[in-house]
Structure formats: C-alpha cells, structure tokens
Amino acid sequence: ARVLRTSFIGKHVVYKETTDSTQNIAISLADRSDSHGTVVIAEQQKSGRGRQKRKWLSPKGGIWLSVVLKPGIPTAKITLLPFVAALAVCDAIKNATGLDARLKWPNDVMISGKKVAGILLDISAEADQINYAVIGIGINANVDSAAISARLDGTKITSISDELGHSTSRLDLTRSLLENLEHYYLEMEQQGVGTILQKWKKRSDMLGRKVAVVQNNNKIIQGMATDINDDGSLLLKTDVGDVNVVSGDIHVRY
Ligand code: BTN
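With the UniProt record's numbering, you'll find the sequence shown wraps up at 324, consecutive numbering, no jumps.
The structure is reproduced here in structure tokens:
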C-alpha cells in the first residue's frame, strides 16, 4: 500500500479494535508535548459522541478517528477548524469514491441530501492560548445506514456503501482524508481562513436558499442563508434583518 504523504498528521497512530470513543482517548493523550498530529482510530466505538451531546452509533465498517492538533492560531479562530476538517472529508470522499459529496453548515458532509459524515471539536484553552484541539471525524463508510438511522436528530443518514452499491476501500479513503486534512490545516495556518471558507462555500449548496435553523434552545430562525462569516457563523437574512447564527442545527428547505 502507498505510504501516507504527510509530515505530522498520522506520524503517530493509536489503533483500537473496540473503544468507547476515539475522542476520549485522543483527549487523554493531548497534553503530551509530542501529541501534535496524533491519530486515534477504532474499528468500532461503544459510546461514540456526536455534536450537541448526541450519541454517534459507530459499528464496524465505518471510519471513526480523532486527531490531536496544537494550532498556532488565536482561540477565536478555532471555530474554523471543523470547516478545515469538513473540507478534507468532502474532498477525500470525492477523490476516493467519485461520489458528489457536499457540505452543510456548520460541518456536515452530505450525499444527495443525506448525512454521510460528521465532525466534532473538543478544545482546551486558557485565555487566548489553545492548549490543544481534538477533531473527531466519523464517516459512514461501509455500514448499513438503516443500522445507524437511530442517531435520530431529524437528519436523513446515508453511507458510502449504500450510495455506491458496494463497499469502498477504507484505507484509501482514510489516507486521502489525512493528507487533505494536513494540507488544508497548513493552508489555514499560513494563509488565514479566507481561502478555506471560499473552498467550503464552493462545496456547499445551501447559500442562497431559504433555511430554518433549529437552535440549542429549540428556537427556530427562518431566513435566507447568504454567507459564512470569517468566524464560521452563518449569515441569515430574515424579515427582521440580518442575523448571525453561531451554532445550531440547520434544516435546508428546498
Ligand atoms: C456529529 O454529530 O456530526 C459529529 C460526529 C463525530 C463522530 C466522530 S467518530 C470519531 C470521534 N469519536 C467520537 O466519539 N466522535 C467522533
């Protein structure tokens, strides 16, 4: 198999057959001085975590991994890291499978309107100093989407194997993902967030559409999704003016 063409991501890999959550293992390793770029990967997770304290069912056949990063960026910019990861996943799926993967704010990866992958960010920070960030990536690769549809958050779910009608190489997909992740991560560090957000927007089909944002407090805001701001928030044009949405789940109305 071809070697991994990265300089720091995946130079150290922790592999588990079964674990509670790769995210928790990565967090436990993150304080070490040499943890930058460490990847924790598992065949299956027993207590996989999703955004907003949801469960993330993680049976065998998927790609469940977490990456420890120590970004040299201000704390305020850390919200952009999930965009970097979503971009990397989107391109990896396209390159490795040919499927038309798209991005949905804030960081879901979709195929034909159904979620195929998700991103989770955990950080430890003091004042304006980031101690570490752990980015969790879950890709429904070779799993039966009916078996994970109990992730019940109102989002329709799919998997790569369901979309292709056959299984895909998780090795090729993971390699492409880690190479893209390092590439876009360095682009963000060296060039700022501008080009990352531009690329993200190109792969999204929601800007210009009417959307309803369901927030954490279950409040719903409706409006036209017009832009992604430099901090990663979503700009909505509503009847009562412009609103910047910082977090929440979004349902795109077609
Ligand atoms: C989401 O809710 O969309 C985010 C899902 C993130 C799942 C991944 S799988 C690897 C890592 N370990 C976890 O427990 N969660 C993340």
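Glycine included, C-beta positions come from ideal geometry on N, C-alpha and C.
Everything numeric in this text was worked out from a predicted model, so none of it was measured.
Considering only the alpha carbon of each residue, which of the options lies closest to residue i?
i: Tyr85; options: Ile95, Ser77, Thr76, Phe78; result: Ile95
i: Asp170; options: Gly107, His236, Asn287, Asp275; result: Asp275
i: Val109; options: Asp300, Lys140, Ala295; result: Lys140
i: Glu257; options: Lys81, Trp134, Ile133, Ala158; result: Ala158
i: Ala112; options: Val83, Asp101, Leu304; result: Val83
i: Lys130; options: Ser103, Ser215, Ile205, Gln122; result: Ser215
i: Pro176; options: Gln285, Glu249, Gln115, Val310; result: Gln285
i: Leu190; options: Leu74, Lys125, Ile200, Asp297; result: Lys125
i: Lys147; options: Lys307, Asp301, Ser117; result: Asp301
Buried or exposed, going by whether 16 or more other CB atoms sit within 10 Å of the CB of residue i?
i: Val186; result: buried
i: Ala155; result: buried
i: Asp161; result: buried
i: Gly132; result: buried
i: Gln93; result: buried
i: residue 354; result: The structure shown has nothing for residue 354, since the chain only spans 71 to 324.
i: Leu241; result: exposed
i: Pro144; result: exposed
i: Ala197; result: exposed
i: Arg279; result: exposed
What are the boundary residues of the beta strand (DSSP E) that residue i is part of?
i: Leu292; result: One detail in the question is off: residue 292 reads as Gln in this sequence, not Leu. Per DSSP, Gln292 belongs to the beta strand (DSSP E) from 290 to 298.
i: Thr76; result: It is not in any beta strand (DSSP E) - Thr76 carries neither H nor E in the DSSP assignment.
i: Leu190; result: 184 to 196
i: Asn201; result: 199 to 209
i: Gln114; result: 109 to 115
i: Leu304; result: 304 to 308
i: Asn94; result: Here Asn94 belongs to no beta strand (DSSP E); instead the alpha helix (DSSP H) covers 92 to 99.
Can you tell me which of the three DSSP states residue i falls into?
i: Met258; result: helix
i: Trp134; result: strand
i: Asp178; result: strand
i: His236; result: coil
i: His253; result: helix
Could you give the C-beta distance for residue i and residue j, rounded to a whole number, given that I count them as a contact under 8 Å?
i: Gly224; j: Gly120; result: At roughly 13 Å, the Cβ-Cβ gap does not stay under 8 Å, so Gly224 and Gly120 are not in contact.
i: Ser77; j: Glu252; result: 7 Å
Which stretch, first to last residue, makes up the alpha helix (DSSP H) that contains residue i?
i: Thr167; result: 151 to 167
i: Ser264; result: A quick correction: the sequence has Gly, not Ser, at residue 264. Unbroken alpha helix (DSSP H) run through Gly264: 264 to 272.
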